[in-house]
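Peer 1: First, the structure itself, so that you have it in front of you.
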Amino acid sequence: MDCWVRVDKESVREARFEVFGGPEAMQAAAWLADWLADRSVASALTVTGRWLAEAAALPDEARTVALDIEDALRSALAASTEVIDGANDEH
């Protein structure tokens with residue numbers, strides 16, 4: 001699972017996920033991508049796998065995919081913050 005986010009100052013403008021899994025993983029990733037649009041980065045950082053599983057109404061047997069989505073989101077947010085911080089340092 002991969003995630004890319006487009007961050008503008010303090011807001012997530014867009015999130016995209018590349019999902020290698022079943023329909024539950026695709027459903028949860030699509031739901032989260034929609035939810036993240038125009039939310040603050042601080043809000044995005046509060047996302048947990050447990051919260052996502054409940055919010056996206058994942059069945060119990062598919063709840064582990066929410067943890068994979070959480071990990072992908074956190075990695076993407078960390079990378080986008082590094083890019084933004086690095087850009088600010090250069091200018």
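In this text, residue positions in the sequence shown follow UniProt numbering: the first is 1, and each later residue adds one. Glycine included, C-beta positions come from ideal geometry on N, C-alpha and C.
1. Report the three-state DSSP secondary structure of R50 (helix, strand or coil).
2. What does the alpha-carbon distance come out to for the pair R6 and P59?
3. Per the DSSP calculation, A15 is bridged to which residue(s)?
4. Can you grab the Cα-Cα spacing for the pair L45 / E24, in whole Å?
5. Give me the DSSP bridge partner(s) of S40.
6. Give me the Cβ distance between A57 and D2, rounded to the nearest whole Å; I'm assuming they're in contact under 8 Å.
7. Residues in its own chain within less than 6 Å of N88 by CB, not counting five upstream and five downstream?
8. So for P23, helix, strand or coil by DSSP?
9. In angstroms with no decimal places, state the Cα-to-Cα distance between A30 and E14.
Peer 2: From the atom records:
1. Locating residue 50 in the sequence shown gives position 50, counting from the first residue. Helix.
2. Reading the sequence shown from its first residue, position 6 is the one you call residue 6. Reading the sequence shown from its first residue, position 59 is the one you call residue 59. R6 and P59: Cα-Cα distance of roughly 30 Å.
3. On the sequence shown, residue 15 is found 15 positions in, with the first residue counted as 1. A15 pairs with V5.
4. Position 45 of the sequence shown, counting from 1, holds the residue named residue 45. Position 24 of the sequence shown, counting from 1, holds the residue named residue 24. L45 and E24: Cα-Cα distance of roughly 22 Å.
5. For the purposes of this step, residue 40 is identified with residue 40 of the sequence shown, where counting begins at 1. S11, per the DSSP bridge assignment.
6. Against the sequence shown, residue 57 aligns to sequence position 57. Against the sequence shown, residue 2 aligns to sequence position 2. Actually they are not in contact, since the Cβ atoms of A57 and D2 sit about 23 Å apart, beyond 8 Å.
7. Residue mapping note: residue 88 aligns to position 88 of the sequence shown, counting from 1. Here the model assigns N88 a pLDDT of 45, short of 50, so the residue's position is not dependable, and the following value carries that caveat. For N88, where only same-chain residues beyond five positions count, there are no Cβ hits under 6 Å.
8. Here residue 23 refers to the residue found at position 23 when the sequence shown is read from its first residue. Helix.
9. Translated into the one-based positions of the sequence shown, residue 30 becomes position 30. Translated into the one-based positions of the sequence shown, residue 14 becomes position 14. Each residue's Cα considered, the two are about 12 Å apart.
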